[in-house]
Amino acid sequence: MSTATNPVGTRPTSGRVQLFRTGGLALLGVTLLGLCFLSVAVGTRSVAWSDIWAALSGQTETIAQAAVAVRIPRTIFAALVGAALGLSGTIMQGVTRNPLADPGILGVNTGAALAVVIGLAWFGMTMAHTFVWTAILGAGVTAVFVYTIGSLGRGGATPLKLALAGAATSVAFSCFTIAVILPRNDIAGGFRSWQIGGVGGATFDGIRLVLPFLLAGFVISLLSARKLNSLALGDDLAAGLGENVALARGMAALGAILLCGAATAACGPIGFVGLMVPHLCRLLVGVDHRWLLPYAAFSGAGLLILADVVGRIIARPSELAVGIVTAFIGAPFFIWIVRRQRVREL
Amino acid sequence: MTTISFAYTVAAGRLARVRQWRRVVVALMLLVLAGFALTLMLGQSFTPPDEVLRVLAGKDVPGASFTVGQLRLPRAVMAVLVGMCFGMGGVAFQIMLRNPLASPDIIGVSSGASAAAVFCVVVLSMDGAAVAGISVVAGLAVALIVYGLSFRNGVAGTRLILVGIGVAAMIDSFIAFVLSRAPSWDLQEALRWITGSVNGVKLDQALPVLVALAVFGGLLLSRTRDLEALRMGDDTAAALGVRVGTTRIVVMLASVGMIAVATAATGPVMFVAFLSGPIAARILGPKGSLLIPSALVGAVLVLGGDYIGQFVLPHRYPVGVVTGALGAPYLLYLIIRVNRAGGSL
Chain A
1 MSTATNPVGT
11 RPTSGRVQLF
21 RTGGLALLGV
31 TLLGLCFLSV
41 AVGTRSVAWS
51 DIWAALSGQT
61 ETIAQAAVAV
71 RIPRTIFAAL
81 VGAALGLSGT
91 IMQGVTRNPL
101 ADPGILGVNT
111 GAALAVVIGL
121 AWFGMTMAHT
131 FVWTAILGAG
141 VTAVFVYTIG
151 SLGRGGATPL
161 KLALAGAATS
171 VAFSCFTIAV
181 ILPRNDIAGG
191 FRSWQIGGVG
201 GATFDGIRLV
211 LPFLLAGFVI
221 SLLSARKLNS
231 LALGDDLAAG
241 LGENVALARG
251 MAALGAILLC
261 GAATAACGPI
271 GFVGLMVPHL
281 CRLLVGVDHR
291 WLLPYAAFSG
301 AGLLILADVV
311 GRIIARPSEL
321 AVGIVTAFIG
331 APFFIWIVRR
341 QRVREL
Chain B
1 MTTISFAYTV
11 AAGRLARVRQ
21 WRRVVVALML
31 LVLAGFALTL
41 MLGQSFTPPD
51 EVLRVLAGKD
61 VPGASFTVGQ
71 LRLPRAVMAV
81 LVGMCFGMGG
91 VAFQIMLRNP
101 LASPDIIGVS
111 SGASAAAVFC
121 VVVLSMDGAA
131 VAGISVVAGL
141 AVALIVYGLS
151 FRNGVAGTRL
161 ILVGIGVAAM
171 IDSFIAFVLS
181 RAPSWDLQEA
191 LRWITGSVNG
201 VKLDQALPVL
211 VALAVFGGLL
221 LSRTRDLEAL
231 RMGDDTAAAL
241 GVRVGTTRIV
251 VMLASVGMIA
261 VATAATGPVM
271 FVAFLSGPIA
281 ARILGPKGSL
291 LIPSALVGAV
301 LVLGGDYIGQ
311 FVLPHRYPVG
321 VVTGALGAPY
331 LLYLIIRVNR
341 AGGSL
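Read top to bottom, the protein sequences are chains A and B. Start counting the first sequence at 1; every next residue gets the next number (UniProt numbering). Start counting the second sequence at 1; every next residue gets the next number (UniProt numbering).
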């Protein structure tokens, strides 16, 4: 009877747990702010404190101040993209009920990349906002394709089948991408830096371009938290509780695709953020998506900023693209998850 | 009486299988030969067979000596050799782990060898046999790491493949990093280490590959019987008198060795190691060893893929782009087919 009066997932939680979770979220927020500051202060070039304050208040007279001024949009950008990837990974894991789902592993990022390259090469796309649309379209088509292939047959979409379908699709799409850009030297150079995945070239104009898509994605994702909680019970039970399963799944997936498509269009395929964040957040707050999603957004942002700062420090005087750093942190994490699962569940 | 007639039936069946195996191998050899001849004769211009033969005999033919002797011959020789290495090494892995998906290019072994080669060539400016040696060590190290990481109360195929995919993702991003730091960026050259290419190979580069094929291939062929037994499962093989542990080590060493040396020469030609075995098994059916047929299929794939990449498509593409684009749909098909059958991958 209590389930009838309380919609799924709104099991009355005691005040202390609520307080604990709010406090945790606030703590995450503070950490994120600290990381943002770190990202502005630390970089390839060492700058003095006075220059940092000067740059934060808008001055760009010395080289040091100019360097810091470049880091500001970069930090905002990393935070937005990181939050988008973290959220989209969490939703993908929720929708597919699959611990290995991630925009990178499912090949959704390569789909977005292929769509952008095709648009550049054959449809003469030069307008930057069509760029974002194309990437989102590519991401959506790929996500549906990979999920369909992975879930054919008995047993549904097991992690292994999904991961393999994603890997195969990734390879095929990278080959097509190479085939498209190889004869076109003019776009090959730009594609090279874009494909590794980096936030180095961020500008406020670039941010303004993807911001509407990201915001729409954030809103849809956060609104679908309760639906994700129902889906977590299994399709039958969710339907029995009055949830429109297809609608719930479609809405959540739409949010995830908007987010990862826009993020990929903005800074290239960045892997493993969407894989790590949900697992870490589940350790912190459990499986309630109403809490999980905000946590995922905050920690995704923090993780990507941190990876970016690490990339700037360890490869001085040059810098390491953030996509490479996340792959090096994320792949061992992936292996850890695989080892933790029982074989039967793979 | 019945025992004797039964023995006759068995003998006749065995003879028929051996004959069938021989027929398939001879047909595949002819196909490789035809592809080889085609690569030598056809290019931007057509060279008649008699001129090709004269060049091969070492005579000086104006024009043809350069196009055939310098451009096409190294390319064709290299394509055949690396194709055989990938085909044989790949199928040995698939048989040993009893899973078509456990091929070296999916579980990261090829990526590991490629990463070592690209580091040696681009950063340390090395070349020749040293690169091949370091690639072999790196490939072996990756194979051992993947095997070790997937070990938990024994190695399960699914876990090994997933761990391999993770390791491969990490190594691929390392390759991307090294290439991004390369002083001179040449997309064609970079693609060699990502997808594999036989562009601009020299004849003397083929020597280490030939040696690897002879040594490691011989080692694998000497284990044919044990590998066949391993197809029936570890316990059955052990009951039949196969030393499972030793065989595994030898097979892994030999197949990683040949794949790594080939990768050091041309980069990891995408999916050839993965495709050759299943294709050979399709042609052959359950008759006899797959090692030699799969090696020949590998050679056909690389020769054919290179020809398509060079002359059939509107632009020139390295062979790896062609085999990758062909192989990925096959991988998807394999996943779908196994799913339909309800079996576990």
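The C-beta atom is built at its ideal place from N, Cα and C for all residues, glycine as well.
Using a Cβ-Cβ distance under 9 Å, would residue i count as near chain A?
i: residue 275 of chain B; result: no
i: residue 314 of chain B; result: yes
i: residue 64 of chain B; result: no
i: residue 263 of chain B; result: no
i: residue 8 of chain B; result: no
i: residue 106 of chain B; result: yes
i: residue 320 of chain B; result: yes
i: residue 177 of chain B; result: yes
i: residue 317 of chain B; result: yes
i: residue 114 of chain B; result: no
i: residue 159 of chain B; result: yes
i: residue 101 of chain B; result: yes
i: residue 195 of chain B; result: yes
i: residue 19 of chain B; result: no
i: residue 347 of chain B; result: As displayed, chain B neither begins before 1 nor continues past 345, which places residue 347 of chain B out of reach and without an answer.
i: residue 5 of chain B; result: no
i: residue 181 of chain B; result: yes
i: residue 216 of chain B; result: no
Give me the Cα-Cα distance between residue i and residue j, rounded to the nearest whole angstrom.
i: residue 281 of chain B; j: residue 290 of chain A; result: 51 Å
i: residue 336 of chain A; j: residue 325 of chain A; result: 17 Å
i: residue 102 of chain A; j: residue 250 of chain A; result: 17 Å
i: residue 104 of chain B; j: residue 95 of chain B; result: 12 Å
i: residue 206 of chain A; j: residue 134 of chain A; result: 16 Å
i: residue 59 of chain A; j: residue 309 of chain A; result: 23 Å
i: residue 238 of chain B; j: residue 159 of chain B; result: 23 Å
i: residue 1 of chain A; j: residue 234 of chain A; result: Summary for residue 1 of chain A: the model assigns pLDDT 36, below 50, so the residue's position carries little reliability; its value from the coordinates is reported in the next sentence. Approximately 20 Å between the Cα atoms of the pair.
i: residue 217 of chain A; j: residue 138 of chain A; result: 16 Å
i: residue 313 of chain B; j: residue 262 of chain B; result: 25 Å
i: residue 114 of chain B; j: residue 93 of chain A; result: 32 Å
i: residue 142 of chain A; j: residue 25 of chain A; result: 33 Å
i: residue 319 of chain B; j: residue 201 of chain B; result: 13 Å
i: residue 343 of chain B; j: residue 75 of chain B; result: Annotation note: pLDDT 42 at residue 343 of chain B (below 50); position unreliable, no value reported.
i: residue 112 of chain B; j: residue 316 of chain B; result: 27 Å
i: residue 99 of chain B; j: residue 13 of chain B; result: 27 Å
i: residue 236 of chain B; j: residue 91 of chain B; result: 20 Å
i: residue 43 of chain B; j: residue 311 of chain B; result: 7 Å
i: residue 27 of chain A; j: residue 36 of chain A; result: 14 Å
i: residue 169 of chain B; j: residue 271 of chain B; result: 16 Å
What residue does the alpha helix (DSSP H) around residue i start on, and which one ends it?
i: residue 171 of chain B; result: 157-181
i: residue 176 of chain A; result: 159-181
i: residue 312 of chain A; result: 289-314
i: residue 109 of chain A; result: 108-122
i: residue 229 of chain A; result: 225-231
i: residue 276 of chain B; result: 272-284
i: residue 120 of chain B; result: Here residue 120 of chain B belongs to no alpha helix (DSSP H), and DSSP marks it neither H nor E.
i: residue 301 of chain B; result: 291-307
So, does the CB of residue i fall closer than 9 Å to a CB anywhere in chain B?
i: residue 161 of chain A; result: yes
i: residue 267 of chain A; result: no
i: residue 79 of chain A; result: no
i: residue 88 of chain A; result: no
i: residue 96 of chain A; result: no
i: residue 149 of chain A; result: yes
Using a Cβ cut-off of 8 Å, pull out every chain C residue sitting near residue i, in sequence order please.
i: residue 165 of chain A; result: Any reference to chain C falls outside this structure, whose protein chains are A and B.
Original post:
Name the residues in the region 302-325 of chain A whose C-beta lies less than 8 Å from a C-beta of chain B; which are they?
Top reply: 318, 320, 321, 323 and 324
**OP:** With 9 Å as the C-beta to C-beta threshold (strictly closer), list the residues of the region 162-173 of chain B near chain A in chain order.
**Re:** 162, 163, 165, 166, 167, 168, 169, 170, 171, 172 and 173
**OP:** Compile a chain-ordered list of the residues in the region 323-334 of chain B whose CB is closer than 7 Å to at least one CB of chain A.
**Re:** 324, 325, 328, 329, 331 and 332
**OP:** Give, in chain order, every residue of the region 15-48 of chain A whose Cβ lies closer than 7 Å to some Cβ of chain B.
**Re:** none
Subject >> the region 288-306 of chain A / the region 122-135 of chain B touching (three or more Cβ pairs under 8 Å) >> reply: no
Subject >> Validate contact between the region 51-69 of chain A and the region 312-331 of chain A using beta carbons, cut 8 Å, 3 pairs >> reply: no
Original post:
Between the region 62-76 of chain A and the region 237-245 of chain A, do at least 3 Cβ pairs fall closer than 8 Å?
Top reply: no
Subject >> Near-chain A residues of the region 126-156 of chain B (beta-carbon distance less than 8 Å), N- to C-terminal order >> reply: 149, 150, 152 and 156
Original post:
Do the region 38-52 of chain A and the region 60-68 of chain A meet, that is, are 3 or more Cβ pairs less than 8 Å apart?
Top reply: yes
Original post:
In the region 249-275 of chain A, which residues sit with their C-beta less than 7 Å from some C-beta in chain B, listed in chain order?
Top reply: 271
Original post:
Of the residues that make up the region 324-339 of chain A, which ones have a beta carbon closer than 7 Å to any beta carbon in chain B?
Top reply: 324, 327, 328, 331, 334, 335, 338 and 339
Subject >> Sufficient close CB pairs (3 or more, under 8 Å) joining the region 102-118 of chain A to the region 162-175 of chain A >> reply: yes
Original post:
Is the number of C-beta pairs between the region 169-183 of chain B and the region 44-57 of chain B that are closer than 8 Å three or more?
Top reply: no
Subject >> Contacting positions in the region 94-118 of chain A - beta carbon closer than 7 Å to chain B >> reply: none
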